[in-house]
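J.: I have a structure I would like to understand better, so I am pasting it below and will then ask my questions one at a time.
Chains as they are written, first to last, in this note's numbering: chain Y, 624 to 923; chain Z, 2 to 460.
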């Protein structure tokens with residue numbers, strides 16, 4: 624066998640593989656983008672039904688009508704029509720935002736404090752408490768939803784946002800406290816010990832020294848607990864009864880569930896308005912993870 | 002104030018006094034008036050609510066504490082003559098009873114703490130041969146109290162919104178709480194022992210040889226839950242790994258572009274994605290079927306979500322779309338940790354890419370990510386969202402009308418349906434919850450033994 628011959632076969636083989644790999648990747652890109660493109664296309668469609676959407680993800684006559692329908696309050700008639708009412712979408716959005724913010728504040732305060740105490744202090748019942756929290760975090764909290772419902776009823780927390788926030792924050796305590804504990808474990812103790820020797824109380828040390836220096840992890844916890852309630856469905860549906868209190872997840876679910884024929888394109892518009900900011904926050908929150916992914920590009 | 006001679010006997014006397022009445026030892030022997038008063042106050046409150054009956058305004062040992070605990074056992078009495086509003090509500094009684102039970106447990110631990118505190122304080126006083134000054138005490142309290150006060154809010158929240166609900170759903174499994182005959186306030190709920198477990202798990206109905214529909218549905222759902230958890234985990238993992246390997250191949254030029262695209266499904270809330278897929282796959286109106294028919298690839302619409310077998314396949318496929326980016330990120334970061342010398346040595350030895358993958362990349366990555374894979378499996382057992390938002394557990398089967406379990410229902414979504422839809426079968430939902438609880442225990446133990454705290458012997 625001549626050397627040249629061998630090289631050309633090797634070369635053509637590698638070209639075939641290269642083309643083959645790129646075809647696979649392009650097909651995957653298509654599969655990944657198709658639902659997204661279709662949703663965007665549907666959101667800008669004038670007609671309401673799923674059946675009327677174009678199979679090519681591009682609306683036949685682009686229109687902002689669905690956004691108009693979505694953003695018009697439910698007690699008003701959509702402009703340009705005679706009898707089509709709007710939705711409570713803006714209210715749902717505000718509610719969800721409010722719940723997410725309340726949940727973030729409560730979770731950050733509770734879990735940072737708990738994580739710090741777990742990491743630095745010794746006290747009675749510490750071990751059983753920490754162990755039971757690991758067990759608790761594995762169970763979907765809605766297993767106990769009847770009791771949660773009755774307890775909220777008893778403390779007048781039904782159909783209120785604070786009631787829902789209490790449920791959320793409690794559900795996230797076990798996991799997030801362990802998360803914060805892990806972070807505090809890795810933090811050097813020298814500065815706080817110096818402060819304690821100088822006579823600062825544990826509370827003052829915690830607030831003035833620990834909290835500021837744990838900022839990166841607190842930012843992470845903030846993002847996680849902010850994004851958490853956005854698309855949760857079970858508890859809002861259980862707790863929030865009136866339309867004015869609903870969250871986006873419940874609102875969108877009721878918009879689409881079994882009614883794809885008159886609402887699909889409006890749902891698509893609503894989904895876009897949630898997914899875009901959500902994806903941005905989410906990617907910001909996962910930046911470290913994603914950066915490590917992008918940065919390794921050429922490593923073999 | 003000169004300190005008087007310290008009597009070493011207080012080490013014995015103080016705890017005994019505190020055991021007789023909370024705080025007594027602290028006040029009488031240890032000069033800890035504030036702390037003692039606090040403990041004494043707690044005991045007084047507790048005794049008051051045990052003894053005093055606010056309904057009859059009399060001291061007859063029928064206080065709310067006693068009544069609630071009795072209520073937890075009896076679940077109320079039939080009071081047909083009263084209007085519905087005034088009848089005993091078994092479910093309220095059960096939850097109140099549980100809350101009081103937890104308060105009692107906390108109270109008892111406080112009582113024990115109070116005795117130990119008396120002993121410790123007495124020992125300290127004897128050792129130092131004087132009573133601590135006010136400032137010393139204050140400082141000491143500040144040090145000791147910080148963790149307790151810091152932890153108190155989460156204890157209360159966890160007790161009310163996690164422990165009580167979990168205990169409650171455990172207890173309901175032993176009652177007949179179900180519609181239409183046992184829904185308060187019209188009717189009472191009673192303890193029925195293990196009847197519900199028999200209903201759910203016995204292969205035949207009663208003494209007859211007729212097959213039990215509940216058991217049939219349970220077997221099907223349990224099997225599907227396992228099949229689903231296994232395949233959904235494995236498919237996502239290997240799809241993710243496949244792409245992370247391809248994207249690291251130097252024959253692919255714009256890998257960064259591909260990566261950014263492939264991460265998108267991970268960044269969109271899954272609930273929205275699942276709704277969109279549900280509509281894309283709609284049998285008659287869905288664009289996928291319409292496109293395939295238009296292209297002449299199929300003559301009849303494919304029943305993606307309405308044929309039981311097909312729906313299960315579809316569910317796993319859609320789940321790959323949602324889940325593979327995460328596995329891709331995971332395996333990529335694990336691969337970058339493999340030292341490049343290994344590959345260089347392999348190349349010198351003449352190993353080709355496939356061989357390198359099989360004997361270096363795969364075992365190392367698998368070894369490193371196995372724990373996460375196991376936890377993903379556990380998570381998929383309880384993956385309510387994927388099923389509920391794509392198929393709502395459907396399509397229906399022959400026994401769906403009587404048991405509510407559809408072809409793609411997992412245990413967890415079945416529990417939800419039994420709880421939320423009429424006719425509500427809370428008791429059977431609780432039986433399944435207990436089962437899920439038992440299934441999850443090994444995973445909890447596994448994740449527990451993996452924590453750093455456990456390895457270092459801290460917990």
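Beta carbons: idealized from backbone N, C-alpha and C, even for Gly.
1. Any Cβ of chain Y within less than 9 Å of the Cβ of residue 250 (chain Z)?
2. Would you list, in sequence order, the uninterrupted beta strand (DSSP E) runs of no fewer than 3 residues that lie entirely inside the stretch 721-803 of chain Y?
3. What is the residue span of the alpha helix (DSSP H) that residue 507 (chain Z) lies within?
4. Where does residue 54 (chain Z) sit, in a helix, a strand or coil, going by DSSP?
5. Name, please, each residue of chain Z whose Cβ falls closer than 9 Å to the Cβ of residue 727 (chain Y).
6. Assuming residue 761 (chain Y) contacts residue 160 (chain Z) (C-beta within less than 8 Å), just tell me the rounded distance between them.
7. If you follow the alpha helix (DSSP H) that residue 415 (chain Z) is in, where does it begin and where does it stop?
8. Does any CB atom of chain Y fall closer than 9 Å to the CB of residue 197 (chain Z)?
9. Output needed in chain order: residues of the stretch 757-769 of chain Y with a Cβ under 9 Å from some Cβ in chain Z.
10. When DSSP labels each residue in this structure, what does residue 205 (chain Z) get in the three-state scheme?
11. What are the partner residues of residue 700 (chain Y), as DSSP defines its beta bridges?
12. Is residue 60 (chain Z) helix, strand or coil when you go by DSSP?
13. Name the chain Z residues whose beta carbon is nearer than 7 Å to that of residue 826 (chain Y)?
14. Answer with buried or exposed for residue 889 (chain Y), where buried requires no fewer than 16 other C-beta atoms within 10 angstroms of its C-beta.
15. Hey, residue 409 (chain Z) and residue 392 (chain Z) are a contact pair by Cβ (cut 8 Å); roughly how many whole angstroms apart?
16. Name, please, each residue of chain Y whose Cβ falls closer than 9 Å to the Cβ of residue 270 (chain Z).
17. With DSSP run on the structure shown, which of helix, strand or coil describes residue 322 (chain Z)?
18. Suppose only complete runs of 4+ residues qualify. What are the alpha helix (DSSP H) ranges in the stretch 359-439 of chain Z, listed by chain order?
19. Between the Cα of residue 849 (chain Y) and the Cα atoms of Y:730, Y:699, Y:763 and Y:663, which residue gives the shortest distance?
20. Could you please give the first and the last residue of the uninterrupted alpha helix (DSSP H) stretch that includes residue 1 (chain Z)?
21. Given that a residue counts as buried once 16 or more other Cβ atoms are within 10 Å of its Cβ, and exposed if not, what is residue 94 (chain Z)?
22. Quick one: grab the DSSP three-state call for residue 907 (chain Y).
23. Step through the CB atoms of chain Z and report whether any lies within less than 9 Å of the CB of residue 922 (chain Y).
24. With C-beta atoms as the reference, is residue 197 (chain Z) less than 9 Å away from residue 432 (chain Z)?
25. Please classify residue 386 (chain Z): is it buried, with 16 or more other beta-carbons within 10 angstroms of its beta-carbon, or exposed?
26. Quick check on the DSSP output: the alpha helix (DSSP H) that includes residue 845 (chain Y) runs from which residue to which?
27. Contact between the stretch 853-862 of chain Y and the stretch 766-782 of chain Y: three or more CB pairs below 8 Å?
28. What residues from the stretch 287-298 of chain Z come within 9 Å of chain Y, judged by C-beta to C-beta, listed N to C?
29. Cutting at 7 Å between CB atoms, please list the residues of its own chain near residue 213 (chain Z), excluding the five before and the five after it.
30. Give me whichever residues DSSP pairs with residue 176 (chain Z) in a beta bridge.
31. Could you tell me whether any Cβ in chain Y is nearer than 9 Å to the Cβ of residue 264 (chain Z)?
32. Alpha carbon to alpha carbon, how far is residue 645 (chain Y) from residue 780 (chain Y)? Give it in angstroms, no decimals.
33. In the stretch 126-156 of chain Z, which residues sit with their C-beta less than 7 Å from some C-beta in chain Y, listed in chain order?
34. Please say whether residue 165 (chain Z) and residue 109 (chain Z) have beta carbons closer to each other than 9 Å?
T.: Taking the structure as given:
1. yes
2. none
3. Only positions 2 to 460 of chain Z appear in this structure, which leaves residue 507 (chain Z) out of reach.
4. strand
5. Residues of chain Z passing the Cβ test: none, with the nearest at roughly 16 Å.
6. Contact doesn't hold; Cβ gap of about 19 Å is too wide.
7. 412-421
8. no
9. 757, 758, 759, 760, 761, 762, 763, 764, 765, 766, 767, 768 and 769
10. strand
11. Y:708
12. strand
13. 147
14. buried
15. 5 Å
16. 850, 853, 854, 872, 894, 897, 898, 901, 902 and 905
17. helix
18. 363-382, 385-391, 401-404 and 412-421
19. Y:730
20. Residue 1 (chain Z) lies beyond the residue range present for chain Z, which begins at 2 and ends at 460; the question has no answer from this structure.
21. buried
22. helix
23. Summary for residue 922 (chain Y): the model assigns pLDDT 34, below 50, so the residue's position carries little reliability, and this model does not support an answer.
24. yes
25. buried
26. 838-850
27. yes
28. 287, 288, 289, 291, 292 and 295
29. 203, 204, 205 and 206
30. Z:192
31. yes
32. 56 Å
33. 143, 144, 147, 148, 149, 151, 152, 154 and 155
34. no
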